[in-house]
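Numbering (the numbering used here), first residue to last: 2 to 145.
For glycine and all other residues, C-beta sits at the position ideal for the given N, C-alpha and C.
The structure under discussion appears below in the form of structure tokens.
As structure tokens, then:
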């Protein structure tokens, strides 16, 4: 599963990238199209690609394994060859990473938590967590 030599695809790996292969691994979290899953999925994809130096061929295989449901249906025809990887990722971002959708889902989560109506500490904490989720996703969605 880890490189037996110093290459990933056709790119020479640095020592830190070879070390990252061992600690980070190749697996991505499953993504089925839920806005709640988007930030974990895309940040895992982008960070592990940068840290480990995954090639388009390797990323294609990782995506084919990680994508399920609506997400895989949206890009299945694009992920047959490594040449479709960039367009496939752009399609996923356009369809599932849109800030308006992510914020709307977050707002619904906050409203549902607020409706609990309890003044207990756990309910208050869930409300605070919901607010932080919405703010974090909004900020993350507008940063390049």
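Item                                                                                                                                                             : Value
Give the range of the alpha helix (DSSP H) segment to which residue 63 is assigned.                                                                              : 57-67
What residues match up with residue 81 in a beta bridge as DSSP calls it?                                                                                        : Per DSSP, none; premise fails for residue 81.
Between the beta-carbon of residue 97 and the beta-carbon of residue 72, is there less than 8 Å?                                                                 : yes
Taking Cβ positions, are residue 46 and residue 29 nearer each other than 8 Å?                                                                                   : yes
Can you give the Cα-Cα distance for residue 41 and residue 69, rounded to whole angstroms?                                                                       : 15 Å
Nearest by alpha-carbon distance to residue 101: which of 36, 82, 64 and 43 is it?                                                                               : 36
Suppose the cutoff is 7 Å on Cβ atoms and the five residues either side in sequence are ignored; what does the same chain contact list for residue 65 look like? : 80
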